[in-house]
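These notes are about the structure you will find just below.
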Amino acid sequence: MGPGPTNLSPEVIETFSRPLLGHLDPLFLEILDDTCEKLREIMKTESPLTLPISATGSGAMEALITNLVNENDVVAVGINGAFGERASEMFKRRGAKVFEYRVAWGEPLDMEELAAIARDQSAKIIWAVHGETSTGVKNDIETLGRMKNESLLIADCVTSLGGVKVEMDQWGIDALLSGSQKCLSTPPGLSLVSINARCMEHLVERPASWYFDLNLVADYVLKGGPRRYHHTAPTSMIVALNEGLRLILAEGLEQVIQRHLRASLLLARELQSRDISLFVDERFRLEPLTTVYIPQKFIENEAQIRKVLLEEFRIEIGGGLGPLQGKVWRIGLMGYNAGEESVGRLMEALDKVLV
Ligand SMILES: Cc1ncc(COP(=O)(O)O)c(C=O)c1O
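Note that my numbering gives residue 214 to position 227 of the sequence shown, counting from 1, and the numbers run on in steps of one.
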């Protein structure tokens, strides 16, 4: 119940006891095709270039940046936490001209201001994080999509996809990235990207990274392509991802999102009834990740409290990152864990530990 990874369902765990498939085995390629199809369904996109990347979420960030950015390209980055900060650093290393729009950690990005910076600088790309996992803030990507003008909108949906509403095509997201280990409840190690037709026109011809060259990757991954060997795909991970996606679609994406919302509201109520206050204004709360102020009297022992929760009650919650270290706890209710039972178990344990 930290900021990810989260627990796996028994069905996903079972996939790891199946015999290994080769990365060019026809049965595996069928599963790969089905995975891309399911990803499109969950991202709500028709984009043909929708695929898993053999790397964690940060790898998907690097993949998009290396494929879409040339030196001196102008980009506008919204920063209200560690992951906006990370994106900005990656753009700088790529040699882009970066215009940062910063707001305080815990506050949402004002999309009018971010879009105005992008417009004034004629930015090729606007980057914003949907669910800022370092703070528990949900940024309004839908509004940004309406205001992006000529810029390409890239949205980091690592902690939102499968847990809150994400509508890639409807919201005007040109490129989306996510990770396997949060609301999809599959193991860490894979990330997911989707790039629409408009974005594909801007693909760099010979990206600096060979491994993340999306044209080469797509030649192997995408149905109907030459299926040329590029790298040895982590087949068991993709089989597990496929099962995780199947479970979401079987339950119904909307039902899954509602389950995250219900669990998160219950958690907020339970915490507030114990005088533990929320770090983020209820209007901008990211349902799968709740941040709370550590009560003053526990601040000195906060790491010890988390240690006892883990060792005696087998429950992990997260500490704060960067400027929030020692100030907040981060409690995840993602995927398989997003339910009332998890909230009940945590509260029971927390009551004992805090006493
Ligand atoms: C919003 C966001 N973006 C990017 C990442 C990076 O993903 P990873 O740690 O899988 O590389 C994370 C990880 O927590 C994240 O929460």
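C-beta atoms are modelled at their ideal positions from N, C-alpha and C, and glycine is treated no differently.
(message) Let me check you understand the geometry: is the CB of Met277 closer than 6 Å to at least one non-hydrogen atom of ligand 1?
(response) Start at 1 with the first residue of the sequence shown, and residue 277 comes out as number 290. According to the sequence shown, residue 277 is Thr rather than Met. Not one heavy atom of ligand 1 lies closer than 6 Å to the C-beta of Thr277.
(message) Give me the DSSP bridge partner(s) of Ile304.
(response) Position 317 of the sequence shown, counted from the start, is the residue given in the question as residue 304. Paired residue(s): none; Ile304 is not in a bridge.
(message) Cutting at 8 Å between CB atoms, please list the residues of its own chain near Asn136, excluding the five before and the five after it.
(response) Here the question's residue 136 lines up with position 149 in the sequence shown. Excluding the 5 residues flanking it on each side, Asn136 has same chain C-beta neighbours closer than 8 Å at Ala102, Ala105, Arg106, in chain order.
(message) Tell me which residue opens and which closes the beta strand (DSSP E) that Asp143 is part of.
(response) For this step, residue 143 is matched to residue 156 along the sequence shown. It spans 139 to 143 - the beta strand (DSSP E) in which Asp143 sits, taken as one unbroken run.
(request) Kindly examine ligand 1 and report whether one of its heavy atoms sits closer than 6 Å to the Cβ of Gly166. (result) Looking up residue 166 in the sequence shown gives position 179. Correct: Gly166 has its Cβ closer than 6 Å to ligand 1.
(request) Give the secondary structure of Arg5 by DSSP, where H, G and I count as helix, E and B as strand, and everything else as coil. (result) Locating residue 5 in the sequence shown gives position 18, counting from the first residue. Arg5: coil per DSSP, three-state reduction.
(request) Determine the closest residue to Trp114 out of Leu163, Thr146, Arg80, Thr(-7), with distance taken between C-alpha atoms. (result) Walking along the sequence shown from the start, residue 114 turns up at place 127. The candidate whose alpha carbon is nearest that of Trp114 is Leu163.
(request) Quickly, what does DSSP pair Ser165 with across the bridge? List them, please. (result) Position 178 of the sequence shown, counted from the start, is the residue given in the question as residue 165. Per DSSP, the beta bridge partners of Ser165 are Leu179.
(request) Identify, in the order they occur along the chain, each residue of the same chain with its Cβ nearer than 8 Å to the Cβ of Lys79, setting aside the five sequence neighbours on each side. (result) On the sequence shown, position 92 is the one that residue 79 refers to. These residues qualify, in order along the chain: Val85.
(request) Taking all protein chains shown into account, decide if Glu274 is buried (16 or more other Cβ within 10 angstroms of its Cβ) or exposed. (result) For the purposes of this step, residue 274 is taken as the residue at position 287 of the sequence shown. So Glu274 counts as buried.
(request) Output the distance between the C-alpha atoms of Ile302 and Ala74, rounded to the nearest integer angstrom. (result) Here residue 302 is taken as the residue at index 315 of the sequence shown, counted from 1. Here residue 74 is taken as the residue at index 87 of the sequence shown, counted from 1. For Ile302 and Ala74, the distance between alpha carbons rounds to 30 Å.
(message) Residues in the same chain with beta-carbon distance under 7 Å from Asp156, minus the five sequence neighbours each way, listed in chain order, please.
(response) For the purposes of this step, residue 156 is taken as the residue at position 169 of the sequence shown. For Asp156, where only same-chain residues beyond five positions count, the Cβ hits under 7 Å are Lys31, Thr32, Glu33.
(request) Would you list the one or two residues that DSSP bridges to Tyr88? (result) Counted from its first residue, the sequence shown places residue 88 at position 101. For Tyr88, which the question treats as bridged, DSSP gives the partners Gly65.
(request) Flag Thr173 as yes when its Cβ comes closer than 6 Å to any non-hydrogen atom of ligand 1, and as no otherwise. (result) Taking the sequence shown and counting its residues from 1, one reaches residue 173 at position 186. For ligand 1, not one heavy atom lies less than 6 Å from the Cβ of Thr173.
(request) Identify every residue that forms a DSSP beta bridge with Tyr280. (result) Position 293 of the sequence shown holds residue 280. Within the DSSP secondary-structure output, Tyr280 pairs in a beta bridge with Val315.
(request) Consider the C-beta atom of Thr(-7) and the heavy atoms of ligand 1; say whether any pair is separated by less than 6 Å. (result) Along the sequence shown, read from residue 1 onward, the residue named residue -7 stands at position 6. Thr(-7): no, Cβ never under 6 Å from ligand 1.
(request) Taking only the alpha-carbon atoms, compute the straight-line gap between Leu341 and Met187 and give it to the nearest angstrom. (result) Stepping through the sequence shown from its first residue, residue 341 is reached at position 354. Stepping through the sequence shown from its first residue, residue 187 is reached at position 200. C-alpha separation (whole angstroms): 53 Å.
(request) Could you tell me the distance, in whole angstroms, from the CA atom of Leu311 to the CA atom of Glu269? (result) By 1-based counting over the sequence shown, the position of residue 311 is 324. By 1-based counting over the sequence shown, the position of residue 269 is 282. When rounded, the distance between both Cα atoms is 19 Å.
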